[in-house]
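One structure is given here, and the rest of the page talks about it.
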Amino acid sequence: MIFKFAVILEMEEMMNEIVGVWKLHTFHQLNEKGDVSYPFGQDAKGYIIYTESDHMSVNIMKAGRPPYQSNDIMNGTTEEKLAAMEGYTGYSGKYKIEGNKVIHLSEVSLIPNLIGLEQEREFTVDNDKLTLKTPVFLVDKQLQHAEIVFTKMQ
102 MIFKFAVILE
112 MEEMMNEIVG
122 VWKLHTFHQL
132 NEKGDVSYPF
142 GQDAKGYIIY
152 TESDHMSVNI
162 MKAGRPPYQS
172 NDIMNGTTEE
182 KLAAMEGYTG
192 YSGKYKIEGN
202 KVIHLSEVSL
212 IPNLIGLEQE
222 REFTVDNDKL
232 TLKTPVFLVD
242 KQLQHAEIVF
252 TKMQ
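Rendered as structure tokens:
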């Protein structure tokens, strides 16, 4: 019984560590050879939010994305819409913590393939920095993993 209580207490402490609003610091991917790429540029912008009610939301984009030429916010050209999508990602849903992993349960997403998936991230919190590391996944025909660092907002 004491062990169960200790495990529950540890999970609550870990959850308390990540609850809050975090601003993107860096986002990069590494392939099997160790080559680094920046899918949203080295100056990417974004936030991740974790709530006490087990909800999360993340939005990341390239800096300086150009607006559509039309004043109609839903009426960009095909090229403008493609550029907007390729320069942005975001999803929201619930999350849970298992050991040193946070699992995002996507309910809505820009990328339809992520809806309903459990996305596992290894995480560490060091002072005001939250680091998320993804498992290896296929991107542009290469196996890669992402490392994303956020800074806690005050």
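Start counting the sequence shown at 102; every next residue gets the next number (this note's numbering). Cβ coordinates follow ideal geometry from the N, Cα and C atoms, glycine included. The structure presented is a predicted model; accordingly, all values stated were derived computationally and were not measured.
Check, Outcome
"Given this structure, state the Cα-to-Cα distance separating residue 251 from residue 157, to the nearest angstrom.", "14 Å"
"Taking residue 167 as the reference, which of 155, 185 and 153 has the closest Cα?", "185"
"Measuring only the C-alpha atoms, how far is residue 242 from residue 133?", "12 Å"
"Kindly give me the distance between the Cβ atoms of residue 231 and residue 119, rounded to whole angstroms, as I take these residues to be in contact under 8 Å.", "6 Å"
"Use the C-beta contact count for residue 239: other C-beta atoms within 10 angstroms, 16 or more gives buried, fewer gives exposed.", "exposed"
"Would you tell me roughly how many angstroms separate the C-alpha atoms of residue 152 and residue 142, rounded to the nearest one?", "28 Å"
"In whole angstroms, what is the alpha-carbon distance linking residue 162 and residue 255?", "22 Å"
"Under the rule that 16 or more other beta-carbon atoms within 10 Å means buried, what is residue 209, buried or exposed?", "exposed"
"Whose C-beta lies closer than 8 Å to the C-beta of residue 188 among residues of the same chain, with five residues either side of it excluded?", "141, 162, 163 and 166"
"Applying the criterion that 16 or more other CB atoms from any shown protein chain within 10 Å of the CB defines a buried residue, is residue 245 buried or exposed?", "buried"
"Just the Cα atoms here: how many angstroms apart are residue 174 and residue 212?", "20 Å"
"Could you check the C-alpha separation between residue 110 and residue 201 for me, to the nearest Å?", "With a pLDDT of 46 at residue 110, under the threshold of 50, the predicted position of this residue should be treated as unreliable, though the coordinate-derived value follows. If I take the Cα positions, the gap works out to 14 Å."
"Could you check the C-alpha separation between residue 108 and residue 203 for me, to the nearest Å?", "Confidence at residue 108 is low in this model, with a pLDDT of 47, below 50, so its placement is unreliable and the value that follows should be read with caution. Going by the C-alpha atoms only, they are around 16 Å apart."
"If you draw a straight line from the C-alpha of residue 146 to the C-alpha of residue 137, how long is it?", "18 Å"
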